[in-house]
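Residue numbering for the sequence shown follows the working numbering, starting at 1476 and increasing by one per position. Cβ coordinates follow ideal geometry from the N, Cα and C atoms, glycine included.
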Amino acid sequence: MRHTRRTIRAALTNTHALAAAACGRLGLLRFTLETARRVRIAYTNAAGESSVRDIEPRFVKPNKKTGRLYVHAYDNLRGESRNFTLDRIALEAA
């Protein structure tokens, strides 16, 4: 029983940390959407390669199949609109 409580507490702590991190990203992205600002992100793609990008977020949308959130933004590095998986974004000071 004691082991189960510890496991549950640890899971809740990790869930809260992940939720707090996501809310932080969403909050800043919402601000950039409302004020039409550019934001600098560190992005890790599916292959594990990281890059720093300046993006201009347009909207955030969920993937209907996976439930993951995607940020649709103009990517200044690539010079085109792209979708970024929210959980692969780390915000930086622009």
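key: Continuous beta strand (DSSP E) stretch holding D1550: start and end   = Where D1550 is concerned, the enclosing beta strand (DSSP E) stretches over L1544 to D1550.
ask   = Which residues bound the beta strand (DSSP E) around A1517?
value = V1514 to T1519
request  = Assuming R1533 and T1560 form a contact by the criterion Cβ under 8 Å, report the distance between their Cβ atoms to the nearest whole angstrom.
outcome  = In fact, because the Cβ distance is near 15 Å, the residues do not count as touching under 8 Å.
task = State the Cα-Cα distance for the pair Y1555 and A1548, rounded to the nearest angstrom.
result = Here residue 1555 is Glu; the residue named in the question, Tyr, does not match the sequence. Rounded to whole angstroms, E1555 to A1548 spans 8 Å at the Cα level.
request  = Taking 7 Å as the cut-off, decide whether the C-beta atoms of D1550 and I1564 are in contact.
outcome  = Contact flag unset, no.
key: Same chain, Cβ closer than 8 Å to N1538, neighbours up to 5 away in sequence not counted   = L1544 and Y1545
task = Look up T1560 in the DSSP assignment and give the residues it is bridged to.
result = Y1545
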